[in-house]
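*Asks:* The structure is given below, and queries will be raised subsequently.
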Amino acid sequence: MSEHQPPRRPRRETVTHASAHGAGAVPAPAGRRPAHHPARSEIDEQTTLGHTYVRSLMRSQLRAALTALGALALFVGPLPLVLALPAPEALVWIALGVGVYPVVWAVAHWYVRRAERNERDFTGLVER
204 MSEHQPPRRP RRETVTHASA HGAGAVPAPA GRRPAHHPAR SEIDEQTTLG
254 HTYVRSLMRS QLRAALTALG ALALFVGPLP LVLALPAPEA LVWIALGVGV
304 YPVVWAVAHW YVRRAERNER DFTGLVER
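Per the numbering used here, the sequence shown starts with residue 204, numbered consecutively.
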């Protein structure tokens, strides 16, 4: 009778791109594992902690979006009521052209900066 041996698991290798470590990066010596970022591996392996990291980013992005939506509703929402008041036509066009667009631009600018800051903070957390 032949002796039944369990199949050997293949050796797990980590493949990295040299440009991720900077130009002219020296490869890790044989036998040493490259340093991994714990948060990134948690996210890559889809663990509960990694899921928590991603949900945290999504919550902060949702909070920024809802804040921007609330600001638009607060500043631009009452505009139809204001325009319903009897006023000269030139005043209506000035209110629409000069009053609305700067508010929309300011809210959009704030939102983009906040979303980029959220992503930068998240990347800093993951890369540490």
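In this text, a Cβ means the ideal position worked out from N, Cα and C, and glycines have one as well.
State the DSSP-derived secondary structure class of residue 316, mapped to helix, strand or coil.
*Replies:* The answer is helix: DSSP assigns residue 316 an H, G or I state.
*Asks:* What distance in whole Å lies between the Cβ atoms of residue 298 and residue 286, which are believed to be in contact at a cut-off of 8 Å?
*Replies:* Residue 286 to residue 298, Cβ: 7 Å. Contact.
*Asks:* Taking C-alpha atoms, which residue in 208, 268 and 252 lies nearest to residue 336?
*Replies:* Here the chain has residues from 204 to 331 only, and residue 336 is not among them.
*Asks:* Pick helix, strand or coil for residue 289, following the three-state DSSP scheme.
*Replies:* Looking at residue 289 - three-state DSSP - the assignment turns out to be coil, as it is neither helix nor strand.
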